[in-house]
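Data first, discussion second: the structure below is written as structure tokens.
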Amino acid sequence: MLITQLKSQEAIEALAQGKTVIINCHGCKEVYFAEHEADAFQKELSANKEVTQIITTDYICNPDNLKLQLKKHTDVINAADTILVFSCGVGIQTVAALFEGKKVYSCCDTYPLPGFQGVTPLNVDCGQCGECYLNGTGGICPITACSKSLINGQCGGAKEGKCEVDKNMECGWERIYRKLEKLDKLDNMKYDAPKVRNYNNPNAE
Amino acid sequence: MRITELFERGEFVLTAEVGPPKGVELDHLIKDAHEYLKTRVHALNVTDNQSSVMRTGSLATCRVLKDEGLLPIFQVTCRDRNRIALQSDILSAALLGIENLLLLTGDYTTLGDHPQAKPVFDLDSVSLIHAVKRLEEGFDIAGNAVDGAPPKFAKGAVVSPCSDSVDVQLAKMEAKVKAGCEYFQTQGVYEPEKFIKFMEQAKQFGVPVQLGLIIPKNVGMCRYMNANVAGVHVPDEMIAELQADKEKTKAGDTGVEICARLIRECKDYAQGVHIMSLGWENRIPEILDLAGIAPITPVV
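Line by line, the protein sequences are chains A and B. With numbering that gives the first Met the number 0, the residue at position 2 of the first sequence is 1, and numbering never jumps. With numbering that gives the first Met the number 0, the residue at position 83 of the second sequence is 82, and numbering never jumps.
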């Protein structure tokens, strides 16, 4: 099982800048998603912010399925400034990878629970750390894209963009840096206090 | 003494790297340090299980060097210890009178001689610098008060000026400065023009930078570094130079000349030099002589 827990209302409100499209994923039944809470909050957000579309679909972790599901919303998504995604960490990264130049933000933190993990390729993209970092990293997960799961930037061990641990793997932090560069969001790297992981999160790996 | 005091005085700060052995016999290391380094460099970096190869510890070796009248720099990586052990060792360093730190993320475990080991990386170089700064302010990283007078260190870190993604390195450097880093030692430099260009951008941070040098021993070593060592690139002309006179290179003289030339070309842009001799400590005096850098008065 997974739990996708909503981030705080203030945190999500701060992310909804400009024309905003919301994508909900109700795919895996193994994922506990706070559906009613999210629904009520999204109604409130629509009243205060410029929400141009709320899309509820399933299995957004599958890139082919995602493209198909969003086809009819192409115009409104192209016109949007921000995409808010309510899903597990894999879904958000799939959306962020599909819309390279768009600001794609996560509205949930993903925690693991024992048992079936849904149909998502879990060991690929989301470490289920329970403190989703995707909003500061251009939708690329530093926990899974970096061999050392570093959260404060690259270690300096990469050579020609490849990781020191696995030469077939791109350096996660170079990917994050290039993505932020593209989004004009390099200021995200200029944080005042270094980030420190919380391993006391319930069930965090 | 904290080496930041030397930078503040405007000294051109000289350091060299020494690696503890796999075993507890330090006689050789101590003898070399006295013979070749004591009057030539201000401080000695003591590596922390360098390249993820298990050896005698940096902190204990630092204390041994201090007792020998040398000034040690305690290198600390995040590979083998969580935040509890790291902070505990930093306090232990203060207790043992070790005042200089070089704070690193560390190589991955699989690069060394215990590839089965669990990699830790609970903190990283940036959050470790932050943790040390918090200890200096009288608190641990969890916010608990530390008893008595807080410790005070010179907090250093590393940066790679010749990295193939130098912009990413500069962003990390800025994060380290913001976290409290007070001096930098660079990865080995073989391309002065890249170093000078890097320093033009790095000087905005207002933190002293020591030019890092790895003595090029032979062609094979340079090719190996080009293929495998991050942030290091030995240009073709330099490899040709090492190939030209095989006897001279074998005797180590070409490498010594190259290092001296790099120092002369970069000196005006750096606030010091850090030499990683990888066992060739005996060649450091010649390098400095050739570069026109006079012996120093030892500080402790």
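Every residue gets a Cβ at the ideal spot worked out from N, C-alpha and C, and that includes glycine.
Name the residue from the options whose alpha carbon lies nearest to the alpha carbon of residue i.
i: Ala79 (chain A); options: A:Met168, A:Thr19, A:Val164 and A:Arg196; result: A:Thr19
i: Lys66 (chain A); options: A:Cys140, A:Gly129, A:Ile22 and A:Ala15; result: A:Ile22
i: Pro141 (chain A); options: B:Pro149, B:Gly142, B:Asn143 and B:Phe120; result: B:Phe120
i: Asp146 (chain B); options: B:Gly137, B:Arg133, B:Ala239 and B:Arg263; result: B:Gly137
i: Ile2 (chain A); options: A:Lys48, A:Lys71 and A:Cys131; result: A:Cys131
i: Val125 (chain B); options: B:Glu285, B:Val17, B:Phe183 and B:Ala174; result: B:Ala174
i: Ala290 (chain B); options: B:Thr296, B:Leu13, B:Gly18 and B:Ala59; result: B:Leu13
i: Asp235 (chain B); options: B:Ala141, B:Gly105 and B:Glu190; result: B:Glu190
i: Gln168 (chain B); options: A:Ala15, A:Cys154, A:Gln16 and A:Ile59; result: A:Cys154
i: Leu241 (chain B); options: B:Gly254, B:His232, B:Gly230 and B:Lys65; result: B:Gly254
i: Ala15 (chain A); options: A:Thr81, A:Gly135, A:Tyr198 and A:Thr51; result: A:Thr81
i: Arg78 (chain B); options: B:Asp47, B:Pro294, B:Ile29 and B:Pro71; result: B:Asp47
i: Val165 (chain B); options: B:Thr104, B:Lys196, B:Leu90 and B:Ala42; result: B:Lys196
i: Lys30 (chain B); options: B:Leu64, B:Ala15 and B:Asn44; result: B:Leu64
i: Thr3 (chain B); options: B:Cys61, B:Glu98, B:Val75 and B:Leu43; result: B:Glu98
i: Val41 (chain B); options: B:Gly22, B:Cys61, B:Pro71 and B:Arg80; result: Note that residue 41 (chain B) is His in the sequence shown, not Val. Checking every option, the nearest Cα to that of His41 (chain B) belongs to B:Pro71.
i: Leu97 (chain A); options: A:Ile54, A:Ala144, A:Pro113 and A:Asn61; result: A:Asn61
i: Asp163 (chain B); options: B:Val176, B:Ile286, B:Gly230 and B:Glu16; result: B:Gly230
i: Leu127 (chain B); options: B:Met275, B:Ser87, B:Val23 and B:Asp267; result: B:Ser87
i: Ala95 (chain A); options: A:Arg196, A:Ile175 and A:Asn200; result: A:Ile175
i: Thr60 (chain B); options: B:Tyr35, B:Leu85 and B:Gly96; result: B:Gly96
i: Glu285 (chain B); options: B:Glu256, B:Tyr268, B:Asp267 and B:Val299; result: B:Glu256
Measure the beta-carbon distance from residue i to residue j and round it to whole angstroms, keeping in mind my assumption that it falls under 8 angstroms.
i: Met168 (chain A); j: Ser148 (chain A); result: Wrong, their Cβ atoms sit about 13 angstroms apart, outside the cutoff.
i: Ser51 (chain B); j: Leu102 (chain B); result: Not confirmed; about 17 angstroms, so no contact.
i: Thr185 (chain B); j: Pro160 (chain B); result: 5 angstroms
i: Thr55 (chain B); j: Pro114 (chain B); result: Actually they do not touch by this definition, with Cβ atoms about 20 angstroms apart.
i: Glu163 (chain A); j: Gly156 (chain A); result: 3 angstroms
i: Pro297 (chain B); j: Gly68 (chain B); result: 7 angstroms
i: Ile238 (chain B); j: Val218 (chain B); result: 6 angstroms
i: Arg188 (chain B); j: Cys258 (chain B); result: Strictly speaking, residue 188 (chain B) in this sequence is Val, with Arg absent from that position. Not a contact, Cβ separation roughly 10 angstroms.
i: Phe194 (chain B); j: Val158 (chain B); result: Rounded, the Cβ-Cβ distance is 11 angstroms, inconsistent with contact.
With a threshold of 16 other CB atoms inside 10 Å of the CB of residue i, please say whether the residue is buried or exposed.
i: Arg282 (chain B); result: buried
i: Asp244 (chain B); result: exposed
i: Arg8 (chain B); result: exposed
i: Arg222 (chain B); result: exposed
i: Asn122 (chain A); result: Legend: pLDDT at Asn122 (chain A) = 49, less than 50; position of this residue unreliable, value from coordinates given subsequently. Exposed.
i: Asp124 (chain A); result: buried
i: Gln8 (chain A); result: exposed
i: Gln203 (chain B); result: exposed
i: Tyr58 (chain A); result: buried
i: His35 (chain A); result: exposed
i: Ile83 (chain B); result: exposed
i: His33 (chain B); result: exposed
i: Thr108 (chain B); result: buried
i: Met172 (chain B); result: buried
i: Leu94 (chain B); result: exposed
i: His273 (chain B); result: buried
Assuming contact is defined by CB atoms lying nearer than 7 angstroms, are residue i and residue j in contact in what I supplied?
i: Thr56 (chain A); j: Gln41 (chain A); result: no
i: Arg1 (chain B); j: Ala153 (chain B); result: yes
i: Leu83 (chain A); j: Tyr104 (chain A); result: yes
i: Lys194 (chain A); j: Ile139 (chain A); result: no
i: Leu5 (chain A); j: Cys128 (chain A); result: no
i: Gln200 (chain B); j: Phe6 (chain B); result: no
i: Leu212 (chain B); j: Arg39 (chain B); result: no
i: Cys27 (chain A); j: Gly90 (chain A); result: no
i: Gly135 (chain A); j: Asn187 (chain A); result: yes
i: Gly152 (chain A); j: Met0 (chain A); result: no
Helix, strand or coil, according to DSSP, for residue i in the structure here?
i: Tyr198 (chain A); result: coil
i: Cys106 (chain A); result: coil
i: Gly187 (chain B); result: strand
i: His72 (chain A); result: helix
i: Val17 (chain B); result: strand
i: Glu10 (chain B); result: coil
i: Gly340 (chain B); result: Nothing can be reported for residue 340 (chain B), as the shown portion of chain B is limited to 0 through 299.
i: Phe194 (chain B); result: helix
i: Ile89 (chain B); result: helix
i: Asn99 (chain B); result: strand
i: Leu5 (chain A); result: strand
i: Asn44 (chain B); result: strand
i: Leu287 (chain B); result: helix
i: Phe85 (chain A); result: strand
i: Asn151 (chain A); result: coil
i: Glu173 (chain A); result: helix
i: Cys162 (chain A); result: coil
i: Gln16 (chain A); result: coil
i: Pro111 (chain A); result: strand
i: Ile292 (chain B); result: coil
i: Gly147 (chain B); result: coil
i: Val299 (chain B); result: coil
If you measure beta-carbon to beta-carbon, which residues of the segment 49-66 of chain B are closer than 7 angstroms to chain D?
-> Among the protein chains in the structure shown, which are A and B, there is no chain D.
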